[in-house]
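What follows is a single structure, written as structure tokens, with notes after it.
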Amino acid sequence: ADELYWHSVLQRSARTVKAGLYLLWQYKVCWTPETSDLVHGRVAKRLVDCLRRNEGLYVKFGQAMSTMDIVLPQEYKNELRTLHDQAATFDFPEVRNVVEGELGKKIEDVFSDFEEKPIASASIAQVHRATL
């Protein structure tokens with residue numbers, strides 16, 4: 010388990026450094042007043058992709074950044090907004106384990122219908138449509 014932990018830490022760190030270098034390159038080398046919108050758009054997409062792939066606290070950080078709409082360019086606002094309801098989802102077997110563990114019963118014994126595909130997701134939860 011410790012090996013897996015350190016592997017994921019290194020992966021997240023590498024993705025973060027790579028995204029930071031990309032950001033630096035785009036703003037130091039590619040940015041001009043004429044390319045401003047394009048550069049903002051490219052960097053915002055890369056940043057949000059990094060935050061999403063790193064999951065957890067990184068997504069929370071992105072969600073907090075999205076509230077700074079007074080200082081952020083529109084391209085950042087548009088991309089960061091997706092972190093509120095389009096976060097990565099868990100596979101249904103994992104959802105089943107959590108729901109059944111919390112309820113102490115099988116999903117089929119509690120719900121007449123439980124959609125496997127989530128209708129929304131965020132950094133710490135996802136929403137499934139279900140009927141009692």
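Under this note's numbering, think of the first position of the sequence shown as 10, with each following residue one higher. We put the CB at the ideal spot given by N, CA and C, even for glycine. Here the structure is a predicted model, which is why all the values come from computation and not from measurement.
- Under the DSSP assignment, A134 falls outside any alpha helix (DSSP H); it carries neither an H nor an E label.
- DSSP places S121 in no alpha helix (DSSP H); its state is neither H nor E.
- If you draw a 10 Å sphere on the C-beta of H49, you find 16 or more other C-beta atoms in it, and that means buried.
- Annotated three-state conformation of A23 is helix, per DSSP.
- Contact between P127 and V136 holds: CB atoms are separated by about 6 Å, below the 8 Å threshold.
- By the neighbour-count criterion, in which 16 or more other beta carbons inside 10 Å mark a residue as buried, V52 falls on the buried side.
- Taking C-beta separations shorter than 7 Å and ignoring five residues to either side along the sequence, W15 has no partners in its chain.
- Between E64 and A23, the CB-CB gap reaches or exceeds 8 Å.
- Here DSSP, grouped into helix, strand and coil, assigns A97 to coil.
- Distance between F123 and G110, taken at the CA atoms: about 16 Å.
- Secondary structure within the stretch 30 to 86: not one fully enclosed beta strand (DSSP E) run of 3 or more consecutive residues is present.
- The C-beta distance from L92 to Q72 rounds to 5 Å, short enough to meet the 8 Å contact threshold.
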